[in-house]
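Notes follow the structure.
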Amino acid sequence: MNKKLTIRDVAKHAGVSHATVSYVLNDVKKVSEETKLKVLASIKELDYHPDFTAISLSKRKSNIIGLMVPLIKDSPASMFTKNQYYYELLSGVETVARENNFDTMITGVGEPEECRDWVIKRNLDGLIILGIFPEQLYTEMKKLDIPIVLIDTYEEHTNEYNNVKIDDELGGYLATKHLVELGHRNIGFVGTNLKTSPVDIRRFEGFKKVHREYNILFDEKLLFESFDITFDHAVSLGEHILSIHQDITAIVTVSDILGIGIINAFQKNKKHIPNDCSIVGFDDLSICKYINPGLTTIKQDILSKGMVAAELIVKSLQLGSSSFANKTVEIPINLVVRGSTKAI
């Protein structure tokens with residue numbers, strides 16, 4: 001078995017002290033560029049692989065950014081595989097993290113104390129929290145001396161952290177106004193939880209605002225909730241809507257996944273989109289332009305959302321948390337019209 005190389009072997013090969021090699025590995029500005037290049041050349045020639053766990057412990061840094069997501073069926077995996085929104089957002093976080101020499105680590109949220117322990121155990125440098133969680137979680141996270149960024153959070157704790165969001169009420173407004181201007185009046189609204197989800201509540205507020213502006217009486221029977229944002233749940237809901245509301249001419253949904261699933265259900269039942277019913281989604285996932293018909297939707301730049309969140313973490317680490325004031329960044333949104341809507 002070959003002897004495992006150490007810093008001393010690299011130092012001997014490069015003709016420098018082992019402390020100098022350590023400075024280079026830890027990116028400490030105590031060595032000249034010439035010496036640094038000499039050490040790096042020796043590392044490459046010897047095929048030396050540093051123990052980054054030991055390095056991170058010595059620096060009290062891990063170069064890892066954590067991403068905390070709501071726990072779905074005891075595993076965050078189903079969230080990423082069944083809803084492309086989360087995958088695109090993670091891609092944004094990962095892009096910025098890699099550009100700045102950080103890795104990312106994901107966990108599903110269990111008990112608040114477990115989340116705090118996870119951050120400490122993994123020695124995370126920063127944390128991005130996605131979605132809505134119990135108040136106790138924010139209390140526990142506040143005890144951690146690391147930069148934290150919230151995404152899509154409207155809780156009272158928002159001002160205590162960096163926050164990345166969109167104007168969800170405006171999104172619901174734009175989607176509904178588009179349909180009303182096309183002549184629709186029997187418009188359904190599909191959310192997930194209109195009692196506890198701040199995102200859905202705000203999008204529904206935008207929906208209702210248009211009805212008030214145009215003096216349209218909204219029938220509460222046209223309000224629907226899906227158990228989860230998955231294609232399967234959306235298809236089932238679409239079939240339910242068809243079975244009781246043949247007169248509905250348009251539907252606003254809180255996500256593209258729901259919109260696409262409902263289109264699928266209608267098409268399976270010989271209904272033509274948009275001739276029989278116009279559908280508007282929310283998010284503008286990349287799949288929206290590839291389905292038939294293409295989905296009219298509210299575009300939010302999901303990739304940018306993840307990138308901005310990671311950039312806030314990196315900047316906070318560079319400046320020092322105490323020197324970086326918490327800020328809220330609002331990502332612009334706009335209506336993207338495709339083939340799933342038409343005038344009546």
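Going by UniProt numbering, the first residue of the sequence shown is number 1, and it counts up by one from there. Each residue gets a CB set at the ideal place from its N, CA and C atoms; glycine is no exception.
| Item | Value |
| --- | --- |
| Among Leu222, Ala265, Lys38 and Ala310, which one has its Cα closest to the Cα of His233? | Ala265 |
| For Asn162, count neighbouring C-beta atoms within 10 Å of its own C-beta (all shown protein chains included) and say buried if the count is 16 or more, exposed if not. | buried |
| Can you tell me whether Val69 is helix, strand or coil according to DSSP? | strand |
| Should Leu223 and Gly188 be called a contact, given that it needs their Cβ atoms to be closer than 9 Å? | yes |
| Grouping DSSP H, G and I as helix and E and B as strand, with all else coil, what is Val337? | coil |
| Measure the C-alpha to C-alpha separation of Val235 and Ile229 and round it to an integer number of angstroms. | 11 Å |
| For Val96, name the three-state secondary structure that DSSP assigns. | helix |
| On the DSSP bridge list, what partners appear for Leu150? | Ile129 and Asn163 |
| For the beta strand (DSSP E) containing Ile187, list its first residue and its last residue. | Ile187 to Gly191 |
| For the alpha helix (DSSP H) that contains Glu114, what are its first and last residues? | Pro112 to Lys121 |
| Kindly identify the DSSP beta-bridge partner or partners of Glu330. | Lys165 |
| Measure the Cβ-Cβ separation of Leu144 and Arg116 and say whether it is below 9 Å. | yes |
| Where does the unbroken beta strand (DSSP E) through Ala250 begin, and where does it stop? | Ala250 to Thr253 |
| Name the residue from Asp200, His245 and Phe227 whose alpha carbon lies nearest to the alpha carbon of Gly281. | Asp200 |
| Just checking my contact of Leu237 with Ser226 at CB under 8 Å: how many whole Å lie between their CB atoms? | 5 Å |
| In angstroms, rounded to a whole number, what distance separates the CA positions of Ile331 and Lys299? | 10 Å |
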